[in-house]
Amino acid sequence: MTTAPEILGTLHNLKTVAVAELDAVKDADGIEAWRIAYLGRKEGRITMIMKGMAALDSDSKRTVGAMANDVKALLESQLEARIEEMKSAQFTHASQEGRLDVTLPGRRPALGRLHPITQTLREITNAFGTMGFQIVEGPEVETDHYNFEMLNIPKDHPARDMFDTLWLDHTNADGEQDMLLRTHTSPMQARVMENTKPPVRVVVPGRVYRYEATDATHEWHFAQVEGLAVDEGITFANLKGTLYEFARLVFGPERRVRFRCDFFPFVEPGVDMSIDCFNCDGAGNVKGSDDMCRICRGSGWIEIMGAGMVHPRVLEMSNIDPSVYTGFAFGVGVERIAMLKHGIDDIRYFYGNDARFLRQF
Ligand code: PHE
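Residue numbers (the working numbering): 3 to 363.
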């Protein structure tokens, strides 16, 4: 038979051991096992000790019972404290000690992207690249000589008007302004021909400037891609074939093209090229209705560039013999191509630096 002092001793030891064990517990499973071992209602240590008190006299029962209840209450409150401690320890680990919680979804790094005009520019130059054209670039600050003179643009041509050209504050010996921001990429035609013996096949991507009020279809700066091919025996058929292929590469294999007479001082004959409208397939109206197609404005055709056979005078000025060589040239407005491809109705979006617009490309 166990005596009261023995039971008191057991309770005392049990308290010390139980508290130490609780401290060492590492997870929720351990907590539950500990609770069952000590505080379990059927076979927990405390319950067993209380059951063993039955044989004691009533005085001893009172002392031992009181101590057993104290120990039980202590273990219960320790248990609760330990649970709280473990909860906050988890939190502390994650947030304050910089522990890596691999279950958290990652934060996406903010990646940049190419500007839609850069993308379109590359698409255009790539299309000509597949046809054997080299890419060259030229200066944006040009001379009157290359921007106009060498392109057969006479002194009284309206392109020289102060309302089209951004002139630099620079004068020649005669006191005339002679430097400007190039109004087109065509000056590179002359620069390339001066430095290259035919055959020549180049495309020139780049920025150009015009002294113009901006509106939905005009910017004071925009991008162009110039093209130039010079060799013996180049004909208008080569121009048509090349630009037709370009239209198909950029706007889809089913596109048709149209050439109409146009005037540029540095080509003869000069043309503008249109593609049949990819939105309405050249019909001019929305399929199955009478509504006018808003891309081609009902005409079924979309003008996309100026082109022509290089003017003999231009060849001559660049020291290329026009009785031996012929060539064709073209100039594409890049913003216009991008607007058509993406259905953008205002050119000013491109340079408004609004991330909500730019993120879409
Ligand atoms: N330079 C002309 C323009 O800016 C385009 C063009 C280039 C036309 C080459 C014909 C040949 O409008």
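Glycine is no exception: its CB is placed at the ideal position from the N, C-alpha and C atoms. Given the structure is predicted, the values throughout are model-derived calculations rather than measurements.
By the criterion of a C-beta distance shorter than 6 Å, I297 is surrounded in its chain by C279, N281, once the five residues flanking it on both sides are discounted. The C-alpha of E318 is placed about 22 Å away from the C-alpha of G308.
Taking the Cβ atoms as the reference, V316 lies roughly 7 Å from Q191, within the contact range of under 8 Å. Considering only E256, L245, S60, D347, the residue with the shortest C-alpha distance to M275 is L245.
The C-beta distance from L251 to A129 rounds to 4 Å, short enough to fall under 8 Å.
In the three-state reduction of the DSSP assignment, S60 falls in the helix class, which pools H, G and I. Note on R184: 16 or more other CB atoms within 10 angstroms of its CB, so buried under the neighbour-count rule. Between the region 75-84 and the region 28-41, the count of Cβ pairs shorter than 8 Å is three or higher; the stretches touch.
The C-alpha of D217 lies about 16 Å from the C-alpha of V336. By the neighbour-count definition (other C-beta atoms within 10 Å, threshold 16), Q92 is an exposed residue. Beta-bridge partners assigned by DSSP to M311: F330. Between A225 and R212 a beta carbon distance of about 12 Å is seen, past the 8 Å cut, so the two are scored as non-contacting. Taking 8 Å as the cut-off, the Cβ atoms of L41 and K63 do not count as close. G329 places its beta carbon 8 Å or farther from that of T187.
Distance from the C-beta of F224 to the nearest heavy atom of ligand 1 is not below 7 Å.
According to the DSSP assignment, D31 belongs to the alpha helix (DSSP H) that extends over 30-41. Here the region 162-177 makes no contact with the region 194-210; the two share fewer than three CB pairs at distances below 8 Å. The DSSP-derived three-state label of F363 is coil. Within 7 Å of the C-beta of H313 there is not a single heavy atom belonging to ligand 1. For F363, the closest of R115, E45, M55, P255 by C-alpha to C-alpha distance is R115.
The criterion of a C-beta distance shorter than 8 Å is not satisfied by N321 and E151.
Apart from sequence neighbours up to five positions away, the residues of its chain that approach Y327 with a beta-carbon distance below 8 Å are P200, V232, D233, E234, I236, L317, ordered along the chain. Between the alpha carbons of D264 and P314 lies a gap of roughly 17 Å. Distance check between D29 and each of L342, G108, M88 places M88 closest, using alpha-carbon atoms only.
For F248 and I126, the gap between their C-alpha atoms comes out near 8 Å. Runs of the alpha helix (DSSP H) spanning 4 or more residues and lying entirely within the region 196-255 occur at 238-253, in chain order.
Shortest gap from the CB of H186 to any heavy atom of ligand 1: under 7 Å. If you draw a straight line from the Cα of T65 to the Cα of R101, it is about 50 Å long.
Within its own chain, the residues whose Cβ lies closer than 7 Å to the Cβ of R193, once the five positions on either side in sequence are excluded, are G140, Y148, listed in chain order. Counting C-beta atoms within 10 angstroms of its own C-beta, N71 has fewer than 16 neighbours from the protein chains shown and is therefore classed as exposed.
S276 is bridged by DSSP to R260, E305. With fewer than 16 neighbouring CB atoms inside 10 Å of its own CB, R299 falls in the exposed class. Counted as a single uninterrupted DSSP element, the beta strand (DSSP E) harbouring V143 occupies residues 143-145. Here N15 is exposed: its Cβ has fewer than 16 other Cβ atoms, across all protein chains shown, within 10 Å.
In the DSSP assignment, L183 falls within the beta strand (DSSP E) that extends over 181-183. Taken through DSSP and simplified to helix, strand or coil, E45 comes out as coil.
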